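Take a look at the structure below.
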Amino acid sequence: MTTIRHFLETMLIVCALSFAFTTTTRAQTAPPAAPVREVTDNYFGQKIVDPYRWMEDNKSDEMQSWMKAQATFAQTYLQALPGQNRLLKRLNEVSSASISVANIRQRGKRFFYERRAPDEQDFKLYVREGLTGVERLLIDPNKVLNDGKRYSLNDWQISFDGRHVSYLISAGGSETGEIHVVDVVSGKNTSDRIDRARFGAGSWLPDGKSIFYTRLQKLTENAPSADRYQKSRVYRHVLGTDAESDEAIFGFDVNPNIAFDQKLIPFITTDPSWNVAVAYLSTGVSPSREFFVAPLDAMSKKQIPWRKIIAFDDEVGSVAIYGSNLYLQTYKNTPRYKIVRTSLSTPDLPNAETVFSPGDAVVTSLSAQLDALYVQTLDGGNIRIWRVDYKTKKSVPLKLPFEGAASLTDNESSAAGIYFELVSWTRPRAHFRYDPNSGIVVPTHLVPPDPVDMSGIEFINIKVKSYDGAMIPLVIIYKKGLKRDGTNPTLMAGYGAYGVEYTSPVFDTQSLPWLERGGVMVWAGIRGGGEYGEEWHQAGFQKTKPNTWKDFIACAEYLIAEKYTSPAHLAIRGGSAGGILISNAIAERPELFGAAINNVGINDTLRYETTSNGVPNIQEFGSTTTEEGFKTLLAMDGYLKIKKGVKYPAVLLTTGINDPRVEPWMSAKMAAQLQAASSSGKPVLLSVDYDAGHGRGSTKEQRNKQLADEYAFLFEQVGSPGAKPGNTNENR
């Protein structure tokens, strides 16, 4: 990624070199070498040598200078690739072909949604009165503060009466920012401003005049980075008052009768149909949460009588309330989840009644509506919605307009029926309403039709046998008429963490510049993800984490055996926790891949715990404070597995300087390690965006520029159909 300013600064260099900068001369140049200053740690009697520990000081002049030199070199290289401009032009065409509408929500007759016009870079918030009403701009995140910084809309929540919207904006992709409030009728902001907000825009109380919000602790200037997301609390804010006078009502060191681990994240939510407020604690990575309730009329008391109703050991992911009944989505003894019902006042989980039985499909979410309970399930990549009768418990699937991924949107509990979205690999996302009286699904037309044609693209869903017999879901997408002769440039993507499912359909027009040129796109549902519920997550988790990249390698071998591609034409991509996947895949099987993209990746897991977001991730990956945890983290540390003299594939690493989740030095250390070690002569580039973070909040222009860089880099390295890798003039 690169900022426009940084792009312009490097263009003079690019123009001067572009005519002479051939593939041959690129091989003779190199990014700036990183000084080696070994630091040796002793973990339970085992010595670990880290050659680039000095890079972990992001603020040092030396580190900043080295990063900027790397970024300049990377952009000079990428801008000189013959296909880059054409790819960028095509990405701009498909991303600007239609109006983008997302996150549709309803309050009474008012509909709220994010919208981005073809000529705009960022989403703005709009409102309209009724489905056919005239839309009205409510929030432009870049016109709230007017301080010269670029802001994005991170989250927003509507009061139950539809009169106010609280929203969180953050600068440069940082994700942490301020909560503001807008009056929907006047369109003007109130005086309310709340800083240190990271986990959403709060939750409205039924009175429409106050919100609960989660706030980070105020850190001293020299506080350790690992303290950033610890000791957070939930506060109650009344509109028109000073946020600094808000009192904490739930969270760290607030409630003397509640044992609170300082790593947990607290939240509170309410609904007009409830007589209680629901508080819960989240690790941020585990699907299991701990739930508490207290009378709604007690929220203004000094000490709120919170009562625990669900513990972490109960393995409950989410809850819904209807009348006096509590509905739970649980994976207790049911790895693919089920829905059970118990009493809200006296919950008895061991004897709870099952209302939606477990099966092959994974139960992913639920919504309690006026007429029925609606349940969302994942089965083989497709997502369905079921209507469950409160009295009879009879489950009936909604008849969808087409096969794909259906997802529940934010629905008012007082309303009968639901709104939902539906999308497939080759059909664009659309918004629908289900009317329980007629049993009919009708389009709302809130999402404009996408004119981009993907009728020339086809896909298959298959399962591939991994090294131990586990069957891995794989989606293969390609242009019709594909010849399986082993020469197709193929990009396989994976993730494999947090129980996040990765193979359900999306209408991805930004893949067209790759597919149109004969490229194959592959999505792998490897273990660690959520394709088969919590059992799939746990099978690529902590000690079992090696299954994640072993599954990925098995998928690569399948693609090669079936002649979709060959090692010289196979590229892989992953980001964030997917950096563990990519770094280990190239470390353990470097000969299997021609190139790799590692976006904002966690590469040095042994040191992740020292970062701001590392502590909340201990439950997912482990901790060096125990010998078992140390061995677990060492086994997944791709950075430490890189060895000198090995012929590694070409690698493009990207990072955003404002990343709140993965420190930029994670990518920097991996780049330095590969640049010093690889004997293949293939490029290892570190691209740095100085106006971005982890990806959320980036503009359309930033995303398109990064993708153009990636596609151009990959086409150069893994070639086009029938061409040898490195032929930059073929199929451009």
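Each residue of the sequence shown is one higher than the one before, counting from 184 in the working numbering.
Positions of the beta carbon are idealized from the N, C-alpha and C atoms, including for glycine.
Computed from a prediction, not measured in an experiment: that's the story for all the values here.
- Among the bridge pairs identified by DSSP, residue 420 is matched with 394.
- Spatial neighbours of residue 459 in its own chain (CB-CB distance under 7 Å, excluding positions within 5 residues in sequence) are listed in chain order as 476, 477, 478 and 479.
- In the three-state scheme derived from DSSP, where H, G and I count as helix and E and B as strand, residue 800 is classed as helix.
- Under the DSSP assignment, residue 249 falls in the alpha helix (DSSP H) whose first and last residues are 244-262.
- Exclusion of the five residues before and after residue 772 leaves 736 as the residues of its chain whose Cβ lies within less than 6 Å of its Cβ.
- Pairwise C-beta distances place the stretch 714-726 out of contact with the stretch 620-630, as fewer than three of them are shorter than 8 Å.
- In the displayed model, residue 629 falls within coil according to three-state DSSP, outside both helix and strand.
- Taking a cut-off of 8 Å on C-beta distances, the stretch 519-535 does not touch the stretch 724-734, as fewer than three cross pairs fall below it.
- The C-alpha of residue 486 is placed about 43 Å away from the C-alpha of residue 685.
- Buried is the label assigned to residue 595, since at least 16 other Cβ atoms lie within 10 Å of its Cβ.
- Here the C-alpha atom of residue 511 lies approximately 42 Å from the C-alpha atom of residue 404.
- Annotation for residue 769: the continuous alpha helix (DSSP H) segment containing it runs 761-771.
- Counting only residues of its own chain and dropping the five nearest sequence neighbours on each side, residue 379 has a CB closer than 6 Å to the CB of 398 and 399.
- Secondary-structure assignment with DSSP links residue 478 through a beta bridge to 459.
- If you draw a straight line from the Cα of residue 549 to the Cα of residue 572, it comes to about 13 Å.
- If you check the CB distance, residue 803 and residue 680 come in under 8 Å.
- Note that the C-beta distance between residue 270 and residue 895 is below 8 Å.
- For the set 663, 647 and 900, the Cα lying nearest the Cα of residue 637 is the one of 663.
- It is roughly 28 Å from the alpha-carbon of residue 257 to the alpha-carbon of residue 232.
- Residues of the same chain with a CB within less than 7 Å of the CB of residue 631, apart from the 5 flanking positions on each side, are 281, 282 and 284 in chain order.
- DSSP places residue 447 outside both helix and strand once states are collapsed to three, so it counts as coil.
- Residue range 883-901 is occupied by the alpha helix (DSSP H) that includes residue 900.
- Boundaries of the alpha helix (DSSP H) around residue 729: 729-744.
- Less than 8 Å separates the beta-carbon of residue 875 from that of residue 355.
- Bounds of the beta strand (DSSP E) holding residue 580 are 578-580.
- Closest by C-alpha distance to residue 543, out of 534, 565 and 554, is 565.
- According to the DSSP assignment, residue 569 belongs to the beta strand (DSSP E) that extends over 565-571.
- Rounded to whole angstroms, the separation of the alpha carbons of residue 602 and residue 292 is 13 Å.
- Relative to the Cα of residue 218, the nearest Cα in the group 212, 227, 248 and 242 belongs to 248.
- DSSP places residue 849 in the uninterrupted alpha helix (DSSP H) bounded by 847-860.
- One thing to note: residue 435 has its Cβ no nearer than 8 Å to the Cβ of residue 401.
- Here residue 615 has 584, 602, 603, 604, 605, 624, 625, 626 and 627 as same chain residues with Cβ atoms under 8 Å from its own Cβ, once five neighbours each way along the sequence are excluded.
- For residue 343, no beta strand (DSSP E) segment is defined, and its DSSP state is neither H nor E.
- Inclusion of residue 855 and residue 900 in the CB contact set at 8 Å is not warranted, their separation being larger than that value.
- The stretch 775-784 makes no contact with the stretch 691-707: fewer than 3 CB pairs, one atom from each, lie closer than 8 Å.
- Beyond the five residues adjoining it in sequence on each side, residue 237 comes within less than 7 Å, by CB distance, of 220 in the same chain, given in chain order.
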